[in-house]
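To start, the structure itself, in structure tokens.
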Amino acid sequence: MYNIDDFDLKILTLLQGNGRLTNQELSELVGLSASQCSRRRISLEQAQLILGYHARLAPEAVGLGMIGLIEVRLINHTPPYVASFHTMLGEVDAIIDAYKTTGDADYLLKVAVADLAGLSDLISKILSSHESVAHIKTSVVLNRLKENGLLTPPQ
1 MYNIDDFDLK
11 ILTLLQGNGR
21 LTNQELSELV
31 GLSASQCSRR
41 RISLEQAQLI
51 LGYHARLAPE
61 AVGLGMIGLI
71 EVRLINHTPP
81 YVASFHTMLG
91 EVDAIIDAYK
101 TTGDADYLLK
111 VAVADLAGLS
121 DLISKILSSH
131 ESVAHIKTSV
141 VLNRLKENGL
151 LTPPQ
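By UniProt numbering, the letter at position 130 of the sequence shown is numbered 130, and the numbering carries on one by one without gaps.
Following this line, the structure appears as structure tokens:
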């Protein structure tokens, strides 16, 4: 287990807000030398506390302007059904986030599609027809207010 100190926490927080910060920029913001920041960043990556660096794109930029949240209940929780459902999650690009949850639903999926027709196809041709799925409940996102811990620009 990696022991996070205040410097590590500050580095993680700064990188979460801007993954493009250089070690020199980090050093000025954190109060350590650039080489110390570099070593700490590498250690945080190796400890898998930093999972990657990504460009944060507007869904419209890649033709996926419609976001849906889909609650899924499985038929049962036997290993074959669960494994089959998990395999499908990895194969469907439109499913951008998937969470196993408590409550009425077994899973909550965040999906990104081009339009309402794309959402309808995803629901009817993939999710509803999947052998493991007993019930789905879909909500369409009207406005994205905050994602990945960051407020979205006004729409």
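Just so you know, even glycine gets a beta-carbon here, dropped at the ideal spot from N, CA and C. Predicted model, so just to flag it, every value in this text is computed and none were measured.
| Item | Value |
| --- | --- |
| 8 Å Cβ cutoff met for L15 and I67 | no |
| Same chain, Cβ closer than 6 Å to I96, neighbours up to 5 away in sequence not counted | K110 and A112 |
| I11 - DSSP class collapsed to helix/strand/coil | helix |
| L69 beta carbon less than 8 Å from that of S132 | no |
| For L9, the nearest candidate out of A61, R20 and L26 (CA to CA) | L26 |
| Buried versus exposed, by CB contacts within 10 Å (16 or more), D106 | buried |
| DSSP three-state assignment for E60, whether helix, strand or coil | helix |
| Cβ-heavy atom distance, V30 to the ligand MG, below 7 Å | Here there are no bound small molecules, and the ligand MG is not part of this structure. |
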